[in-house]
Every structure is written in C-alpha cells, then in structure tokens.
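Enquirer: Got a structure for you, written out below as structure tokens; questions coming shortly.
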Amino acid sequence: MKPLHSLRNYRPDQRAWAILPPYIWLVLCLLVPFFIVLKISFSESTFGIPPYGPLVQIEEEVLTLSLHFEGYLLLLTDPLFIGAYLKSLKMALVTTLWCVAIGYPMAYYIARSAPRQRNLLLLAVILPFWTSLLLRVYAWIGILRNEGLLNQFLMWTGITSTPIEIYRTDMAVYIGLVYTYLPFFILPLYTNLVKMDRRLLQAAYDLGARPWKAFFTITLPLSVPGVIAGACWFSFRRWASM
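Count along the sequence shown from 1, then add 135; that gives the number in the numbering used here.
Okay, structure coming up:
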C-alpha cells in the first residue's frame, strides 16, 4: 500500500489523459442516447411534440413514476414482429452454416500455406473491406438480376434457356449475407488454426493415423473455439440488425 503522502501527491500521467477522450465520446454518443431511447420506450405514446409523455411527474409535492410496457408487449405479441424474429433467426442460421461450409476450408488452406502465399491470401480476404459495402452490394445486383452476368453466363453455356429469378429472392439475400460476413468468419478461424501446435499432428502421423483421422481427432476439435467465435459474431450481428 502506498503511503498517505504519496497518494496526496498523485497526479495522473499523460497516458491517463490520452485515453480520456474515447471514454467521453462513448458516454456522449452511446450511453446518453441509449438511456434516452430507454426512457422513451417506457413512456406513454402521445400525439404532439415530443410524441411521448413524461416518465416522471411531480404533482402536489408527490413524485410519480409512470412506466408503460405497451411497446414491449407489442414487440412480443404482434404476429408481424414474431414473423420478423423467426425469419431473421432462420437467415442467421442458414447463413452461418454456409459460412462454416465455405469459410472453414478457406481458413484451413490459408493456415497451412507457405508464409508468403499466406500473406497474399489474407490480403485477398481483407481486400473487399477497402471498398464501400454499398458499392459491393450494388455490384451483386448487377450480377444477380435477370439480365445480369450470372444469367447471361448460364444462358451462354446452355444450362438454361431463360433467365433464372434470383434477384429479389431469399437466395439473393443469402448470397449477399455470406459474401458480406464470410471474411469475419475466416479471420478468427484462421487465427485459431495458425496457432495450433503442429507437433500434435506429427505425433498422430508417427503413430499411424491417417490424415483424415488426424484432422477429425485433432484439428477439428481444437478449431471449435474459432468456429464458435466466427459463428456467434455473425449470428448476433444478424439478429441485432434485424
């Protein structure tokens, strides 16, 4: 324990002052708006400006707290909101499964590549972040619409004679979600795989295990935390953006 005189003479160093602005920014731009919205959610809806009643009233020197839960009951009982919850959950689960099916082989290949090739592959994964998400989504619109590149290619190869309706369907939404969030699944999984102790695999090979058995008994169980991290991040992100 520090002596009393040293505590009295304590002055925060420059590092403490350097991290103060981010905390002020979070309080002003995150916590304050959050509590304002929370207050409005428990207020009674009214016609006027502002469109909600006071939460706390003082009448005849009596403090009254009026909490209204109609908005929350509507969110939990209205069929429109319940249908939106279920559809959002379905899209999150299906897209997560597709990200696992596509992202795991990609992350595994990157982690097992040579260092120079690995850096190039990681650059290819991160490269889409250098472009605006809005531009990337509009690019997919040009690919998936009826007269887009995908349908032109399918008709050119003779796979189909008429355009396939993909744009404005759930399939187009799944494609856009997988494309958008696949890098967020690959990166944490790659970090998990690249840090894996390869001596475990070498020991399994020395004991006569085949590559596929070593993968399912060593690599796959040890990579589960990376899979869970990527899957949970996307699922929660999709649910929050509903």
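Backbone N, C-alpha and C fix where the C-beta goes; we use that ideal spot for every residue, glycine too.
What are the partner residues of residue 198, as DSSP defines its beta bridges?
Expert: Paired residues: 193.
Enquirer: For the candidate residues 251, 154, 235, whose alpha-carbon lies nearest to that of residue 390?
Expert: Nothing can be reported for residue 390, as the shown portion of the chain is limited to 136 through 377.
Enquirer: So if DSSP puts residue 296 in a beta bridge, which residue, or which two residues, is it bridged to?
Expert: Partner(s): none; residue 296 has no beta bridge.
Enquirer: Check whether the Cβ atoms of residue 190 and residue 178 sit closer than 8 Å, and answer yes or no.
Expert: Yes, the Cβ-Cβ distance between residue 190 and residue 178 is below 8 Å.
Enquirer: How many Å lie between residue 260 and residue 250 at the Cα?
Expert: Straight-line Cα distance between these residues: approximately 15 Å.
Enquirer: Would the region 305-325 and the region 263-276 be scored as touching if the rule is three or more Cβ pairs under 8 Å?
Expert: Verdict: yes, contact present.
Enquirer: Using beta-carbon positions only, say whether residue 313 and residue 237 come within less than 8 Å of one another.
Expert: The answer is yes: Cβ separation under 8 Å.
Enquirer: Which of the three DSSP states is assigned to residue 417 in this structure?
Expert: Residue coverage of the chain in this structure runs from 136 to 377, which leaves residue 417 outside it and unanswerable.
Enquirer: Identify every residue that forms a DSSP beta bridge with residue 187.
Expert: Per DSSP, 180.
Enquirer: Where does residue 341 sit, in a helix, a strand or coil, going by DSSP?
Expert: DSSP places residue 341 in helix when its eight states are reduced to three.
Enquirer: Specify the secondary structure class of residue 349 as computed by DSSP and reduced to three states.
Expert: Three-state result, residue 349: helix.
Enquirer: Could you give the residue range of the alpha helix (DSSP H) that holds residue 229?
Expert: Counting along the chain, the alpha helix (DSSP H) containing residue 229 begins and ends at 214-246.
Enquirer: Is it true that the CB of residue 275 sits closer than 8 Å to the CB of residue 311?
Expert: Cβ distance < 8 Å, so residue 311 and residue 275 count as in contact.
Enquirer: What residues in its chain sit with their C-beta under 7 Å from that of residue 248, if we drop five residues either side in the sequence?
Expert: Hits under 7 Å: 256.
Enquirer: Identify the continuous alpha helix (DSSP H) that holds residue 162 and give its terminal residues.
Expert: Where residue 162 is concerned, there is no enclosing alpha helix (DSSP H), given that its DSSP letter is neither H nor E.
Enquirer: Measuring alpha carbon to alpha carbon, tell me which residue in 184, 201, 185, 186 is nearest residue 192.
Expert: Looking at the Cα atoms, 201 is the closest of the given residues.
Enquirer: Could you compute how far the alpha carbon of residue 243 sits from the alpha carbon of residue 326?
Expert: The alpha-carbon atoms of residue 243 and residue 326 are separated by roughly 10 Å.
Enquirer: Note down, in chain order, each residue of its chain lying with its Cβ closer than 8 Å to the Cβ of residue 339, except the 5 sequence neighbours on either side.
Expert: Closer than 8 Å at Cβ, skipping near neighbours: 348, 349, 352, 353.
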